[in-house]
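Structure first, commentary second.
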Amino acid sequence: VRRHELAKPACDAAVQQDEGVEAYAARAAALERDDAYDDAVRDWRAAVEAAGGERAEAERLQWTDDAGDAFDLRRRLMDCRRLEDQWEKRRDHARVLDLPANVLDLRKESKCKWLKKQHKKLA
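Under my numbering, the letters of the sequence shown match residues 27 to 149, in that order.
Take a look at the structure:
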């Protein structure tokens with residue numbers, strides 16, 4: 027389990043309690059790391075609106091993540107939209123299924139075994 031997967035329920039609870047910039051931005055960042063770009067775009071848009079909209083002062087549209095890096099919410103929204111388009115055009119199925127890096131080097135039986143296992147896990 028990755029850390030961002032553990033963060034999503036906490037972010038959902040934070041958004042339920044306080045629909046502020048920090049809650050939406052934190053959840054959007056976690057969703058991005060999980061390749062859920064459509065939901066992440068929705069949350070980045072909500073964060074921008076909570077900060078005062080597209081035409082708000084630059085200071086209000088700044089967000090600092092847990093690592094201490096500062097970002098412009100509008101920039102993160104645009105970047106996430108771009109990533110969403112890329113994901114739709116060139117989805118990495120091996121990454122979605124969490125297949126090993128050497129899956130192409132495995133025998134046919136081993137590939138089928140991995141694919142069946144991962145499909146059952148996701149279903």
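Idealized CB from N, CA, C, for every residue including glycine. Computed from a prediction, not measured in an experiment: that's the story for all the values here.
Margin query: If you reduce the DSSP assignment to three classes, tell me which class residue 83 lands in.
Written below: coil
Note to self: Please state whether the Cβ-Cβ distance between residue 106 and residue 74 is less than 8 Å.
What the structure shows: no
Item checked: residue 37 burial status per 10 Å Cβ neighbour count (16 or more: buried) -> buried
Next item on the list: Report back the beta-carbon spacing between residue 56 and residue 33 to the nearest angstrom; my notes put them in contact at under 8 Å.
Entry: 5 Å
Item checked: Three or more C-beta pairs below 8 Å linking the stretch 121-129 and the stretch 80-88 -> no
Checklist line | Pair within 8 Å by beta-carbon distance, residue 70 and residue 116 | finding: no
Notebook entry, point to check: Does the distance from the C-beta atom of residue 63 to that of residue 109 stay below 8 Å?
Noted result: yes
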